[in-house]
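Student: One structure is given below, represented as structure tokens, and several questions about it will come after.
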Amino acid sequence: MALEAPSTSFYSPWPDRLRHSAIVLLVAGLALAVLVAFGELSPLRATAVFACIAAAALVPWRLHNAAASREDARGVNPVETAAVSAVVAGMPDPAVLLDRAGRVIHLNAAAAQLAPALRRNELAQFALRSPEIVTALREAIATSETRRATYLDHVPVDRWMELVVTPVPVPTLFGGTDKCMLMTFHDLTPLRRVEEMRADFVANASHELRTPLAALSGFIDTLQGPAKDDAKARERFLGIMHAQATRMARLIDDLLSLSRVELSAHVRPDTLVDIVPIIRQVADGLEPLARERQVVIDIDLPETQVAIAGDREELLRLFENLIENALKYGASGGKVIVSLTSAMSGEGVPEVRVMVRDFGPGIAPEHLPRLTERFYRVDVGDSRAQGGTGLGLSLVKHIVNRHRGRLLIESVLKHGATFTACFPQAKTASGT
Ligand code: ADP
């Protein structure tokens, strides 16, 4: 699995020239020997002629050797013209130019940072040490075709890169071109992360759907079999089935909302909406749940209009999720405060802040950074018991982001949780 031996590398084509000179000398020697043998030339003259031919044949080789040693003394490769090195250095991705033995001619700063073991004039495979990469290099040389390999870097973090080896003709000092290889690295880590997230998401969504589905089909079997004539059991089972079907419908609803918001994430809503009646409508709608949980919703909203550039349906969804969570998970506190204030962001941008605060058990600090991940729950059993899907806060975050706002989550265990959605204040005609 080794690369071509360095003796046949781009750097040492001169043994070929030497071989040519040797052939010339051999032929000349034989011809002179024949002439001497037939008495056409004296041995002395033949030797003199041979010496002249030998000198003439070896001159180019000597000349080249002198040039090569000058280059060696400077540590510069013959093909490293200013243009070539400038192109390699200017490439945004890590890039390395190799000779056809796999020795490094030039590498840019990104490549040196990625693989510090890569050194000029040293074989790349010693630095990269991957059989897959060595094979790609060897095949690229042998076939003059592009080859790809995977390069994994684990320090300081896991990085997954695609390495592309492209044969390139590079001009030499003596005219003509020589086959070199341009090795570039493309960081595929973000793509891979997205792919992993997508796979996780599909797995989670399937799992979430399968659970109520399994319950439904189990109850259907029971109702068709052992509980066929049991009216009391049928009533109870139908109630459970209804709850499971509602859960499935809610999950699908949340999934669709999430994908809709994601699709339009890059388009900021531009309709001016008054946020006050939206919050009031949500709070009023959740009053029955508040009564059921024995929680008082304390609403502190201005009497005047507060306009933001927003999507009414999405804002309804956002506040519904935040207030409903406060009622479900913070019910033990007995009170939920919903308030709206105006303030300046850290960057000096005027913001509208809607705060939903409960006085329930709160959330442990280690969970806070992950709360807006899809399907992340502090307590899966509790969330399911409350009819949760684990998608609510993820949806909230996406809606806030689409509105170019911020979501702040603060909590102290046993003292409740505060979720604040901040939106840039809309510029109205009066300039306020
Ligand atoms: P779910 O559908 O489970 O409610 P969410 O994304 O809305 O999903 O919330 C994720 C998790 O965050 C919940 O399962 C719950 O554990 C926790 N959580 C959300 N809001 C609160 C709150 N006000 N108090 C305590 N925990 C909360």
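Going by my numbering, the first residue of the sequence shown is number 1153, and it counts up by one from there.
Where is the CB? At the ideal position from N, CA and C, for every residue including glycine.
In chain order, what residues of the same chain lie with their CB nearer than 6 Å to the CB of Val1320, ignoring the 5 residues before and after it?
Tutor: Cβ neighbours of Val1320 beyond the five flanking positions: Cys1332 and Leu1334.
Student: From the DSSP output, in three-state form, read off Ser1563 for me.
Tutor: DSSP places Ser1563 in strand when its eight states are reduced to three.
Student: Who pairs with Arg1299 in a beta bridge, going by DSSP?
Tutor: Answer is Val1317.
Student: Is it buried or exposed for Ala1442, if we count other Cβ within 10 angstroms and need 16 for buried?
Tutor: Per the 10 Å Cβ criterion, buried.
Student: Measuring only the C-alpha atoms, how far is Leu1410 from Asp1422?
Tutor: Going by the C-alpha atoms only, they are around 20 Å apart.
Student: Taking Arg1505 and Thr1524 to be in contact with their CB atoms under 8 Å, please state how far apart those CB atoms are, rounded to whole angstroms.
Tutor: About 18 Å separates the two Cβ atoms, so there is no contact after all.
Student: Taking just the CA atoms, how far does Phe1337 sit from Val1530?
Tutor: Cα to Cα, the separation comes out at about 40 Å.
Student: Can you give the Cα-Cα distance for Arg1445 and Val1425, rounded to whole angstroms?
Tutor: Distance between the alpha carbons of Arg1445 and Val1425: 31 Å.
Student: Is there contact between the segment 1448-1464 and the segment 1512-1523, where contact requires at least three CB pairs shorter than 8 Å?
Tutor: Touching, no.
Student: When we look at the beta-carbon of Lys1384 and count the other beta-carbons within 10 Å, is it buried (16 or more) or exposed?
Tutor: Exposed is the call here.
Student: Would you please state the rounded distance, in angstroms, between the beta carbons of Ala1279 and Asn1260? I believe it to be under 8 Å.
Tutor: Ala1279 to Asn1260, Cβ: 15 Å. No contact.
Student: How long is the line joining the alpha carbons of Trp1312 and Ser1282, rounded to whole angstroms?
Tutor: The straight-line gap from Cα to Cα measures roughly 14 Å.
Student: What does the alpha-carbon distance come out to for the pair His1635 and Arg1469?
Tutor: No answer is possible for residue 1635: the residues shown for the chain start at 1153 and end at 1584.
Student: Report the three-state DSSP secondary structure of Met1333 (helix, strand or coil).
Tutor: Three-state result, Met1333: strand.
Student: I'd like to confirm the pairing. Which residues does DSSP put opposite Ser1494 in its beta bridges?
Tutor: The partner list for Ser1494 (beta bridge, DSSP) reads Val1504.
Student: Scan the segment 1363-1431 and note each continuous alpha helix (DSSP H) run of 4 residues or more that stays entirely inside, going in chain order.
Tutor: As far as the segment 1363-1431 is concerned, its whole alpha helix (DSSP H) runs of at least 4 residues are 1383-1415.
Student: Going by DSSP in three states, Ile1475 sits in which element: helix, strand or coil?
Tutor: If DSSP states are grouped into helix, strand and coil, Ile1475 belongs with the helices.
Student: Could you tell me which of Phe1353, Asp1382 and Arg1388 sits nearest to Phe1527, measuring between CA atoms?
Tutor: If we check each option's Cα against that of Phe1527, Phe1353 comes out closest.
Student: Contact defined as beta carbons within less than 8 Å: I believe Glu1503 pairs with Pro1576. What is the distance between those atoms, to the nearest angstrom?
Tutor: Rounded, the Cβ-Cβ distance is 6 Å, consistent with contact.
Student: Using DSSP with H/G/I as helix, E/B as strand and the rest coil, what is Gly1458?
Tutor: It is worth fixing the name first, because residue 1458 is Val in this sequence and not Gly. The answer is coil: DSSP assigns Val1458 none of H, G, I, E or B.
Student: Since I believe Leu1289 is in contact with Val1317 (beta carbons under 8 Å), could you give me their beta-carbon distance rounded to a whole number of angstroms?
Tutor: 6 Å between Cβ atoms; contact.
Student: Judging by CA-CA distance, which residue of Tyr1481, Cys1574, Asn1553 and Arg1522 is the nearest neighbour of Lys1566?
Tutor: Here the closest residue by C-alpha is Tyr1481.
Student: How far does the alpha helix (DSSP H) with His1550 in it reach, from first residue to last?
Tutor: Note, His1550: alpha helix (DSSP H), Gly1544 to Arg1554.
Student: Quick one, which of Val1201, Gly1485 and Cys1574 has its alpha-carbon nearest Val1501's?
Tutor: Residue Cys1574 is the option with its Cα nearest to Val1501.
Student: For a test of the three-state rule: what should DSSP assign to Arg1445, helix, strand or coil?
Tutor: Arg1445: coil per DSSP, three-state reduction.
Student: Just to confirm the assignment, what range does the beta strand (DSSP E) spanning Leu1523 have?
Tutor: Taken as a continuous stretch (DSSP letters only), Leu1523 belongs to no beta strand (DSSP E), as it is neither H nor E.
Student: Counting pairs of beta carbons, one from the segment 1471-1487 and one from the segment 1428-1435, are three or more of them closer than 8 Å?
Tutor: Output reads yes: the segment 1428-1435 touches the segment 1471-1487.
Student: Quick one: is Ala1225 buried, meaning 16 or more other Cβ sit within 10 Å of its Cβ, or exposed?
Tutor: No answer about Ala1225 holds up, because its pLDDT of 42 lies below 50 and its placement is not dependable.
Student: Which of helix, strand or coil does DSSP assign to Val1188?
Tutor: Three-state result, Val1188: helix.
Student: Apart from the five residues just before and just after Phe1371, which ones in its own chain have a Cβ nearer than 6 Å to its Cβ?
Tutor: Taken in chain order, the residues that qualify are Phe1389 and Met1393.
Student: Per DSSP, what are the beta-bridge partners of Leu1304 in this structure?
Tutor: In DSSP, Leu1304 forms a bridge with Trp1312.
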